[in-house]
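Participant:
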Amino acid sequence: MAPYPYPYSKAAELDSRIKILRPVYDATLAPLIDSAPFDEDFSLEFMRGMASGDEECAHGSFIYNADTIIKEKQNFTHTEYSVPGPQKNTVILSVFAPKESSETLRPALYHIHGGGMVSGDRFTGVTQVLDLLEGIDCVLVSVEHRLAPETRAPGPAEDCYAGLVWLSENASRLGIDPAEIVVFGVSGGGALAAATCLMGRDKKTPAIPIKAQMLYAPLLDDRCETLADQQFEYGNPSGTPWIRKIWDLILGEMRTSGEITPYHAPARATDLSNLPTTYIDAAECEPFRDSSVAYATTLWQCGSTCELHIWPGAFHGFDMMNDPSNLLISAANAAKSNWLKRVMKPKAS
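FYI, the numbering for the sequence shown is 1 to 349, going by UniProt numbering.
1. Opposite Gly49 in the DSSP bridges: which residues?
2. Over what stretch of residues does the beta strand (DSSP E) that includes Glu180 continue unbroken?
3. Leaving out five residues on either side along the sequence, give the residues of the same chain with a beta carbon under 8 Å from the beta carbon of Ala267.
4. If you draw a straight line from the alpha carbon of Cys57 to that of Tyr234, how long is it in whole angstroms?
5. Once DSSP output is grouped into helix, strand and coil, what is the label at Glu56?
6. Please list the terminal residues of the continuous beta strand (DSSP E) segment that includes Ile280.
7. Does DSSP put Ala217 in a helix, in a strand, or in coil?
8. Please report the residue range of the beta strand (DSSP E) in which Val143 lies.
9. So that I know if they touch, is there some Cβ in chain C lying closer than 8 Å to that of Gly175?
10. Going by DSSP, what residues sit across from Arg17 in a beta bridge?
11. How far does the beta strand (DSSP E) with Ala106 in it extend, from its first residue to its last?
12. Please indicate yes or no: does the CB of Asp41 lie closer than 7 Å to some heavy atom of the ligand COA?
13. Just list the alpha helix (DSSP H) runs in the region 228 to 277, keeping only unbroken ones of 4 residues or longer that don't cross its boundaries, in chain order.
14. Could you pull out every residue in the same chain whose Cβ sits closer than 6 Å to the Cβ of Ile64, ignoring the five residues on either side in sequence?
15. Using CA coordinates, which residue listed in Asp159, Pro86, Ser172 and Ala331 is at the minimum distance from Thr104?
16. With the cut-off set at 8 Å, would you say Phe210 and Cys197 are in Cβ contact?
17. What is the rounded straight-line gap between the Cα of Lys336 and the Cα of Arg17?
18. According to DSSP, is Ala334 helix, strand or coil?
19. Quick check on DSSP: helix, strand or coil for Glu80?
20. Between Ile243 and Ala195, what straight-line distance do the alpha-carbon atoms span, to the nearest angstrom?
21. Under a Cβ-count criterion, where at least 16 other Cβ atoms within 10 Å of its own Cβ denotes burial, should Gln213 be classed as buried or exposed?
22. Compare the C-alpha of Ala162 against each of Gly200, Lys341, Phe38 and Gly189 and name the closest.
23. Secondary structure at Thr151, three-state DSSP: helix, strand or coil?
24. Cα separation between Pro5 and Pro37?
25. Can you tell me whether DSSP reads Ser9 as helix, strand or coil?
26. Distance, Cα to Cα, Asp26 vs Met321?
27. Taking a contact to mean a Cβ-Cβ separation below 8 Å, would you say Pro156 touches Ser168 in this structure?
28. How many Å lie between Glu45 and His309 at the Cα?
29. State the CB to CB distance for the pair Thr77 and Lys99, rounded to an integer number of angstroms; the pair is presumed to be in contact (CB under 8 Å).
30. For the beta strand (DSSP E) containing Glu307, name the first residue and the last one.
31. Anyone know if the C-beta pair for Gly120 and His113 falls short of 8 Å?
32. Spatial neighbours of Ser9 within its chain, please: CB distance less than 7 Å, with the 5 preceding and 5 following residues excluded, ordered by chain position.
33. Around the Cβ of Ile20, are there at least 16 other Cβ atoms within 10 angstroms (buried) or fewer (exposed)?
34. Would a C-beta distance cut-off of 8 Å place Gly116 and Gly188 closer than the cut-off?
35. Can you tell which of Asp229, Pro7, Lys341 and Cys160 has the C-alpha that lies nearest to the C-alpha of Gln87?
36. Alpha carbon to alpha carbon, how far is Val141 from Asn75?
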């Protein structure tokens with residue numbers, strides 16, 4: 001396998017396969033995106049290696065585990081819980097709680113990691129999420145779900161839902177207010193977050209409704225037929241061919257069929273009523289753009305509320321890169337932090 005042969009920022013000019021007009025990459029992000037070209041051929045081994053820190057890219061690697069997270073965030077403690085899963089499996093929850101005690105129950109962020117539902121674990125990306133929570137006195141609870149293709153959808157979502165129900169039912173003993181739980185998912189975790197909230201609504205459990213959900217650059221639609229999918233078929237580090245391969249692993253031969261439910265792929269939902277307050281964002285230059293807009297639109301049509309951001313000229317995962325000097329990255333992270341502060345603010349005494 002060989003990396004993409006052109007600078008991504010020049011792909012529309014140099015790659016003769018690109019026949020359709022599309023937005024250009026932001027000039028301030030071009031050095032970031034061009035410095036780490038990926039292979040056009042999908043590799044599950046590469047994705048899992050990146051998630052584990054075994055694969056190095058141009059931006060470096062970071063090994064996520066409880067020790068490295070606590071080293072970065074020394075004001076937190078880590079506790080692990082094993083809870084019953086949906087198919088006699090075990091779901092592990094990692095609870096990162098402030099060391100300082102509190103006289104009142106804290107809000108909690110229920111974190112579902114990225115990795116396309118095929119890679120990563122409950123520690124993936126936690127330090128960046130804790131950065132978003134800076135200034136909020138809360139607990140972060142991260143769930144370990146099974147991965148595809150070993151476990152096809154909706155198995156991973158069912159794991160996340162089982163963990164959420166357990167968390168709600170045991171919140172008080174963890175120092176958490178069960179009425180102040182926010183579900184958070186990034187990329188593949190965004191799909192699982194959306195499916196988890198749909199399950200909670202449909203099953204009417206947890207008994208205390210989830211307060212809010214953040215779908216961060218979410219993987220929502222298995223069909224891959226939007227304009228954004230067509231625009232970024234080529235010349236994109238998270239191009240549509242990769243997304244199709246990931247959905248093939250998640251769904252197998254069922255992909256694109258009428259058998260797919262919203263618990264498999266949330267974009268299949270037509271009824272998005274009575275869902276928690278929602279935040280969705282995506283990059284303008286990624287295949288997930290239009291499915292994110294469509295999901296927000298359906299939420300509004302069904303009477304649910306949603307804050308939507310599409311970041312101009314950006315690519316998938318751009319705001320996970322640590323570059324405080326970049327104003328677009330700073331704006332995207334500030335918007336997420338601002339929303340989290342608003343939905344997780346302490347109750348008035």
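C-beta: ideal position from N, C-alpha, C; glycine also.
Facilitator: Considering the structure as presented:
1. Mapped onto the sequence shown, residue 49 falls at position 49. According to DSSP, Gly49 bridges with nothing at all.
2. As a first step, residue 180 is located in the sequence shown; it is residue number 180 there, counting from the start. That run of the beta strand (DSSP E) goes Ile176 to Val186.
3. One-based indexing of the sequence shown puts residue 267 at position 267. Taken in chain order, the residues that qualify are Leu220, Asp221, Asp222, Arg223, Ser291, Ala294 and Tyr295.
4. Numbered from its first residue, the sequence shown carries residue 57 at position 57. Numbered from its first residue, the sequence shown carries residue 234 at position 234. Because Cys57 sits at a pLDDT of 49, beneath the cut-off of 50, its placement in the model cannot be relied upon, and the following sentence gives the value as read from the coordinates. The alpha-carbon atoms of Cys57 and Tyr234 are separated by roughly 20 Å.
5. Indexing the sequence shown from 1 puts residue 56 at position 56. Because the pLDDT at Glu56 is just 49, under 50, the model does not fix this residue reliably, and the point stays unresolved.
6. For the purposes of this step, residue 280 is taken as residue 280 along the sequence shown, with counting starting at 1. Its beta strand (DSSP E) spans residues Thr277 to Ala283.
7. Taking the sequence shown and counting its residues from 1, the one referred to as residue 217 is at position 217. Of the three classes helix, strand and coil, the one that applies to Ala217 here is coil, per DSSP.
8. Along the sequence shown, read from residue 1 onward, the residue named residue 143 stands at position 143. Its beta strand (DSSP E) spans residues Val139 to Glu144.
9. Protein chain content of the structure displayed is limited to a single chain, and chain C is not contained in it.
10. Here residue 17 is taken as the residue at index 17 of the sequence shown, counted from 1. Answer is none; Arg17 lacks a bridge partner.
11. Taking the first residue of the sequence shown as position 1, residue 106 is located at position 106. Reading off the sequence, residue 106 comes out as Arg, not Ala. Per DSSP, Arg106 belongs to the beta strand (DSSP E) from Arg106 to Ile112.
12. Ligands are entirely absent from the displayed structure, and the ligand COA is therefore not among its contents.
13. 240 to 251
14. Within the sequence shown, numbered from 1, the residue matching residue 64 stands at position 64. Looking at the sequence shown, residue 64 is not Ile but Tyr. Within the same chain, Tyr64 has close Cβ partners Phe123 and Thr124.
15. Within the sequence shown, residue 104 is the residue found at index 104, counting from 1. Comparing Cα positions, the closest option is Ser172.
16. The residue you call residue 210 lines up with position 210 of the sequence shown. The residue you call residue 197 lines up with position 197 of the sequence shown. Reading the sequence as shown, one finds Ile at residue 210 and not Phe. Against a cut-off of 8 Å, the Cβ pair of Cys197 and Ile210 comes out as a contact.
17. The sequence position of residue 336 within the sequence shown is 336, counting from 1. The sequence position of residue 17 within the sequence shown is 17, counting from 1. Each residue's alpha carbon lies about 36 Å from the other.
18. Taking the sequence shown and counting its residues from 1, one reaches residue 334 at position 334. Note: Ala334 maps to helix in three-state DSSP.
19. Taking the sequence shown and counting its residues from 1, one reaches residue 80 at position 80. Glu80: strand per DSSP, three-state reduction.
20. Reading the sequence shown from its first residue, position 243 is the one you call residue 243. Reading the sequence shown from its first residue, position 195 is the one you call residue 195. One C-alpha to the other measures close to 18 Å.
21. Taking the sequence shown and counting its residues from 1, one reaches residue 213 at position 213. Burial call: buried.
22. Stepping through the sequence shown from its first residue, residue 162 is reached at position 162. When each option's Cα is compared against that of Ala162, the closest is Gly200.
23. As a first step, residue 151 must be located in the sequence shown, where it is residue number 151. Coil at Thr151, not helix or strand.
24. Residue numbering aside, residue 5 sits at position 5 when the sequence shown is read from its first letter. Residue numbering aside, residue 37 sits at position 37 when the sequence shown is read from its first letter. Looking at the two C-alpha atoms, the distance is approximately 8 Å.
25. One-based indexing of the sequence shown puts residue 9 at position 9. DSSP places Ser9 in helix when its eight states are reduced to three.
26. For this step, residue 26 is matched to residue 26 along the sequence shown. For this step, residue 321 is matched to residue 321 along the sequence shown. If you draw a straight line from the Cα of Asp26 to the Cα of Met321, it comes to about 15 Å.
27. Sequence index remark: in the sequence shown, residue 156 carries index 156 (1-based). Sequence index remark: in the sequence shown, residue 168 carries index 168 (1-based). No, these two residues do not count as a Cβ contact at 8 Å.
28. Your numbering for residue 45 matches position 45 in the sequence shown. Your numbering for residue 309 matches position 309 in the sequence shown. Going from the Cα of Glu45 to the Cα of His309 covers about 32 Å.
29. Residue 77 sits at position 77 when you count from the first residue of the sequence shown. Residue 99 sits at position 99 when you count from the first residue of the sequence shown. Contact flag correct, Cβ pair sits at about 6 Å.
30. Working through the sequence shown from its first residue, we reach residue 307 at position 307. Glu307 -> beta strand (DSSP E) spans Cys306 to Trp311.
31. Position 120 of the sequence shown, counted from the first residue, corresponds to residue 120. Position 113 of the sequence shown, counted from the first residue, corresponds to residue 113. Cβ distance < 8 Å, so Gly120 and His113 count as in contact.
32. Position 9 of the sequence shown, counted from the first residue, corresponds to residue 9. Tyr25, Ala30, Ile33 and Asp34, listed in sequence order.
33. If you number the sequence shown from 1, residue 20 lands on position 20. So Ile20 ends up on the exposed side.
34. The sequence position of residue 116 within the sequence shown is 116, counting from 1. The sequence position of residue 188 within the sequence shown is 188, counting from 1. Contact: yes.
35. Position 87 of the sequence shown, counted from the first residue, corresponds to residue 87. The candidate whose alpha carbon is nearest that of Gln87 is Cys160.
36. Start at 1 with the first residue of the sequence shown, and residue 141 comes out as number 141. Start at 1 with the first residue of the sequence shown, and residue 75 comes out as number 75. Whole-angstrom Cα-Cα distance: 15 Å.
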